[in-house]
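Step one of this worksheet: look at the structure below.
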Amino acid sequence: DTAVSQTPKYLVTQMGNDKSIKCEQNLGHDTMYWYKQDSKKFLKIMFSYNNKELIINETVPNRFSPKSPDKAHLNLHINSLELGDSAVYFCASSQDRQINTEAFFGQGTRLTVV
Amino acid sequence: SQQGEEDPQALSIQEGENATMNCSYKTSINNLQWYRQNSGRGLVHLILIRSNEREKHSGRLRVTLDTSKKSSSLLITASRAADTASYFCATDAIGSSNTGKLIFGQGTTLQVKP
């Protein structure tokens, strides 16, 4: 009964490849996010979706394309992977985007680009 | 720009002692949240304090908020080895309303020695 689940947990790939990370939440939340955590543990928001609608795109390169087929799923596709994309990517959800912004995080996907 | 700055960056204490972590932020906020991250895991929400609140308690946790100084503190009393983790503050900045966007501090790494 995991609240926010993302797969895979680890992803090792070569430069130039395309990869996807999947995320699902079973909390009935309206809002989902992608955050990136770098090697210094600094967390920064990448995208936010509310009921399948893109709300935030924090100047992320076009190589990153989120997709939300329904409000319970938010996937992240990355094209032409670069070494600098190596990081831990966290999916999260919150009940809404106004008052109840307590975020529930997935376990993270550690992406290593070699 | 990064909203939160946390102090100290690292803290090492003995079991049973209290641990205090501080967070400062730059802009006006709707609320401030504290999260815990165990090594290799996702973030777990600990407590949310709204901008019109000054203090909040949850079990062994005590959070204070001083909006005039744009700062917050997290106190963990009677620490346990299981409290060893990184602790992050996150703000929901005014101006980011209706997005759910959280801006995270750089985190404090707490080690509690048995």
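Line by line, the protein sequences give chains A and B.
Each residue of the first sequence is one higher than the one before, starting from 177 at the first, in my numbering.
Each residue of the second sequence is one higher than the one before, starting from 46 at the first, in my numbering.
All C-beta atoms, glycine included, are put in the ideal place defined by N, C-alpha and C.
Please read all numbers here as calculations on a predicted model, not as lab measurements.
Does the distance from the C-beta atom of residue i to that of residue j stay below 7 Å?
i, j, result
"F281/A", "G87/B", "yes"
"S124/B", "T154/B", "no"
"N97/B", "D137/B", "no"
So with Cβ pairs under 7 Å, would you call residue i a contact of chain B?
i, result
"K247/A", "no"
"S224/A", "yes"
"D257/A", "The residue you asked about is not Asp; residue 257/A is Leu in the sequence shown. Cβ-Cβ to chain B under 7 Å: no for L257/A."
"S269/A", "no"
Is it right to say residue i is buried, meaning 16 or more other beta carbons lie within 10 angstroms of its own, or is it exposed?
i, result
"R273/A", "buried"
"Q151/B", "buried"
"D246/A", "exposed"
"R95/B", "exposed"
DSSP state of residue i, grouped into three classes?
i, result
"A279/A", "coil"
"L257/A", "coil"
"A126/B", "helix"
"P237/A", "coil"
"A248/A", "coil"
"M191/A", "coil"
Does any residue of chain A bring its CB to less than 7 Å from the CB of residue i?
i, result
"D137/B", "yes"
"T144/B", "yes"
Going by CA-CA distance only, name the one from the options that's closest to residue i.
i, options, result
"G192/A", "G260/A, T178/A and H249/A", "G260/A"
"A127/B", "I92/B, D52/B and Q59/B", "Q59/B"
"Y225/A", "C68/B, V157/B and N143/B", "N143/B"
"I92/B", "N83/B, S103/B, Q82/B and T129/B", "S103/B"
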